[in-house]
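Written below as structure tokens is the structure these notes are about.
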Amino acid sequence: MSSNANHSSRKILVLGATSGIAEATCRIWASQGASLFLVARNAEKLAAVATDLRTRGASFVDTAVADLDDTEQHPALLAHAVNALTGLDVAYLAHGVLGDQTQAEQDFNTAAHILHTNLMAPVSLLTWLANFFVQRRAGTIAVLSSVAGDRGRKSNYVYGSSKAGLSAFLAGLRNRVDREGVTVLTIKPGPTKTAMTAGMKGAEKFADVDKVAASIVKAVDGRADSLYVPFQWQPIMFVIRHIPERVFKKLNL
Amino acid sequence: MPEIETQQRLTYKQGSARKSAPGEASFESWGRYPSYKANIIPLHWQSDFPAAVRGIHDAVLPVGLGRSYGDVCLLDQGNLLPTPAMNRLISFDPETGLLTAEAGISLAQILDFSVPRGFFLPVTPGTKYVTLGGAIANDIHGKNHHVAGTFGRHVTEFELVRSDGTVLRCSPNENPEFYAMTIGGLGLTGLIRWATLRLKPIVSRKIDYEGIQFHGIDEFLYLTEASKEIEYTVSWVDCTSTGKNFCRGIFMQGDHSTRRDELKPSPEPKLVFPFNAPGFALNHVSVSAFNTLFFHKQMGKRQVALQDYEPFFYPLDKVLHWNRMYGKSGLLQFQYVIPWNNAREGTVAILKEVAKSGLASFLAVLKAFGDVPSPGVMSFPRPGITLALDFPIKPGKSFPLFERLADMTLEFGGRLYPAKDAAMTAAQFQAFYPEWRQLARFRDPLITSSFWERVTGEQPNL
Ligand SMILES: Cc1cc2nc3c(=O)[nH]c(=O)nc-3n(C[C@H](O)[C@H](O)[C@H](O)COP(=O)(O)OP(=O)(O)OC[C@H]3O[C@@H](n4cnc5c(N)ncnc54)[C@H](O)[C@@H]3O)c2cc1C
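Each protein sequence line maps, in turn, to chains A and B. Just add 13 to wherever you are in the first sequence, counting from 1, and you've got our numbering. Just add 902 to wherever you are in the second sequence, counting from 1, and you've got our numbering.
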């Protein structure tokens, strides 16, 4: 379905485009007339998202079905996307898995899989993307990490450590490419209310996915370094990071 | 009214034969009454139904944003399938205004998309937080019923999926029986997966508004007659006053402004009603005071304004969760339509009964339905007068009144609106809707609702 994107609108690559936060973000970009290249694993879901974004006014939408765990494929996939978009302004990494913590505690392969998807695969993509943007001396990389990476907790430390690694990698990368004109944005969303929880009790406490998406778009536009969404998570995580270990290890988090 | 039946209705919960489902959670309807537990299985993608319920051997019910007041969107101890995450656009034709979207999209999301493009909903209820699927299933009506008919009239086609996996394209020409039974079919015929809606062109966000005070039902009828050519009309009535103020109110009418103007919204902060008001906050005195204030807020007999469509159609949406104002025990609407031959007499009698009861109703909305027919067999509106009343629920007090009001409605040849009901008896429902047996034949064997079980006794065919 690839055709030549002959336009001057912003060119955005989205990895993991069928995830709730990514989809909501893309809707805003689409309504602004952006050109989008979407990557996800499930062809049917990807097609539904692409159709929606086209209808909302995206200048151009192309897709590729790919399993991002397969890092061998990354260079070809990324080159194809850049080609289809005839350039690249923003790369948005939104794929990831929560994984099964209980199973990961017993089985290294489960833990390794979570770490591979959430950390190794992004490292592979980011290496290619950073070098691409550095060469052009322009570009923005926006990545969904998590507040869970700010401190390991017994309820999800495998997922948390993958995000901690990712956040640290991004901080280092930012430090390297900032002087080359490239922006690296680390996004740390808290629990987010997707449309599915509407009408349910208790979900009022979660963040609204459209608001989260709007904050992400704003942070990308403002070339921010990091973003806690909603912003209340910044002071909350500050406190959590500073609880002394001897107290923290006794807490039931 | 035999006290026994009221009692039975209140203890209906215990009569449910279903076992508690795993992972259960609460799903509230807008009235926050009744309160039931159910297993929640949100649908994200079109292929999720019936895939997501495969292996589940218990009743299911698709639901939207829970903006119905009673139990049409509840299923005690069953499986609820919320659809709001299934909200993608599928196509839009700016020439014809035909919009195709997944059924979980809200009217608010449709407006966000369509208004800047110069298109508006053909019919809208008093809140924009309802889904496309929910609007079809209740075949909702708006302030323009007298010219536009119900929502279902503007739905050119939709896809219905049955729990056995059968997919039915429905339109007046394709599977016409399923089309007719699903519009107003209370979600019972299957899951509406997507639908095509015909939007109507506008050139401005603004409404040419006029508010006119009236005293008594005859002035209301006169204004209704005089405004036949105006697209939107609705009246607010003070139902707490008696004597010379009896049935006073404000007649509100408006048309989409025809003068080209801004179509983009100006962002406004939302207010959220933060807590459950204590029960005493809404009593006869406070509601009468509110009503008197509202009546006199409009200074003088007539008021003319050019108003944004948001406050005109959705005055309460700015206060998200205003239903909490009624306290923990919840609220219930009571909405009837009485055909023209008895409309005046019936409305006077019912308003008198309400005033006499001393039970408060904040919102009393009066409107004349027109004679544009609905394609839906079970659709609520009929030509005549409709009145919607809000009541806080006071167990022991509200239900006997509802029962009396429903009986009066029946005597006047009218019927009640299932979307706003948690109180009518099986006998009353079956007299109001003799077509219910036809709906029973088209019902999906796995799908049922607490409403349906209450008013028909029918259990799912598992
Ligand atoms: C403030 C307020 C004002 C209102 N004003 C009006 C008004 O002016 N006119 C009017 O007619 N109504 C009005 N209503 C009622 C409201 O419009 C209806 O109850 C509407 O159907 C609610 O839609 P929902 O998406 O919340 O559906 P829900 O209440 O969640 O469900 C309603 C029904 O739709 C079914 N359903 C939902 N989605 C699907 C689907 N995809 N496939 C099959 N079945 C489905 C459910 O099973 C249920 O039977 C008002 C409600 C409120 C709260």
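Just so you know, even glycine gets a beta-carbon here, dropped at the ideal spot from N, CA and C. In this text, all values refer to a predicted model and were calculated from it rather than measured experimentally.
Annotation: the continuous alpha helix (DSSP H) that includes A/Gly178 extends over Tyr170 to Val190. Residue contact check for A/Arg69 against chain B: a CB pair falls below 8 Å. Legend: CB atoms of the region 977-994 of chain B lying less than 8 Å from CB atoms of chain A belong to residues Pro984, Pro986, Ala987, Asn989, Arg990, Leu991, Ile992, Ser993 and Phe994.
When C-beta distances to chain A are compared with 7 Å, every residue of the region 1218-1240 of chain B stays at or above that value.
Taking 8 Å as the cut-off, the Cβ atoms of B/His1043 and B/Pro1275 do not count as close. Here the distance from the Cβ of B/Cys1149 to the nearest heavy atom of ligand 1 is not below 7 Å. With 16 or more other Cβ atoms from the protein chains shown falling within 10 Å of its own Cβ, B/Pro1024 counts as buried. The three-state reading of DSSP puts A/Asp223 in helix, counting H, G and I together.
No Cβ of chain A is located within less than 8 Å of the beta carbon of B/Phe1196. Secondary-structure assignment with DSSP links B/Gln1155 through a beta bridge to B/Glu1112 and B/Thr1135. DSSP places B/Pro1103 in the strand class (E or B) of the three-state scheme. With respect to the 8 Å criterion, B/Leu1062 and B/Gly1092 are classified as neighbours on the basis of their beta carbons. Put simply, of B/Met1083, B/Met1326 and B/Asp1066 the residue whose alpha carbon is nearest the alpha carbon of B/Ser1073 is B/Met1083. The beta-carbon distance between B/Ile1240 and B/Gly1316, rounded to whole angstroms, is 4 Å. This is short enough to meet the 8 Å contact definition. Of all alpha-carbon atoms in A/Met250, A/Val95, A/Asp102 and A/His255, the one lying nearest the alpha-carbon of A/Val233 is that of A/Asp102.
Contact residues of the region 943-959 of chain B toward chain A are Pro944, Leu945, His946, Trp947, Gln948 and Ser949 (C-beta to C-beta distance below 9 Å). Secondary structure of B/Cys1072 (DSSP, three-state): strand.
A/Val225 and A/Thr205 have their alpha carbons spaced roughly 8 Å apart. Under the three-state reduction of DSSP output, B/Glu1313 falls in the helix class. Between the alpha carbons of B/Leu1099 and B/Glu1059 lies a distance of about 8 Å.
For B/Glu1059, there is no enclosing alpha helix (DSSP H); the enclosing beta strand (DSSP E) has its first and last residue at Val1057 to Val1063.
B/Phe1060 is outside the set of residues whose beta carbon lies under 8 Å from a beta carbon in chain A. The secondary-structure analysis by DSSP pairs A/Arg166 with nothing; it has no beta-bridge partner.
A distance criterion of 7 Å places the beta-carbon of B/Pro964 in contact range of ligand 1, judged by its closest non-hydrogen atom. Think of a sphere of 8 Å around the beta carbon of A/Val62: the chain B residues whose beta carbon falls inside it are Arg990, in chain order. In this chain, B/Ser993 is not harboured by any alpha helix (DSSP H); it is covered by the beta strand (DSSP E) spanning Leu991 to Asp995. Nearest CB-CB separation between B/Phe1015 and chain A: below the 8 Å threshold.
A/Ser239 and B/Ser1137 have their alpha carbons spaced roughly 52 Å apart. Annotation for B/Leu1253: the continuous alpha helix (DSSP H) segment containing it runs Trp1242 to Ser1259.
Taking non-hydrogen atoms of ligand 1 into account, the C-beta of B/Ser931 is found less than 7 Å away from one of them. Short of 6 Å from the beta carbon of A/Gly162, and not among the five residues preceding or following it, lie these beta carbons of its own chain, in chain order: Gly173, Lys176, Ala177 and Ser180. Taking the Cβ atoms as the reference, A/Thr31 lies roughly 6 Å from A/Leu59, within the contact range of under 8 Å.
Sixteen is the threshold: since fewer than 16 other Cβ atoms of the shown chains lie within 10 Å of the Cβ of A/Asn144, the residue is exposed.
B/Lys939 and A/Ala94 have their C-alpha atoms roughly 47 Å apart. Nearest to B/Met1227 by alpha-carbon distance, out of B/Ser1188, B/Ile1252 and B/Ala1270, is B/Ser1188. With contact defined as three or more Cβ pairs closer than 8 Å, the region 951-965 of chain B and the region 1346-1355 of chain B are in contact.
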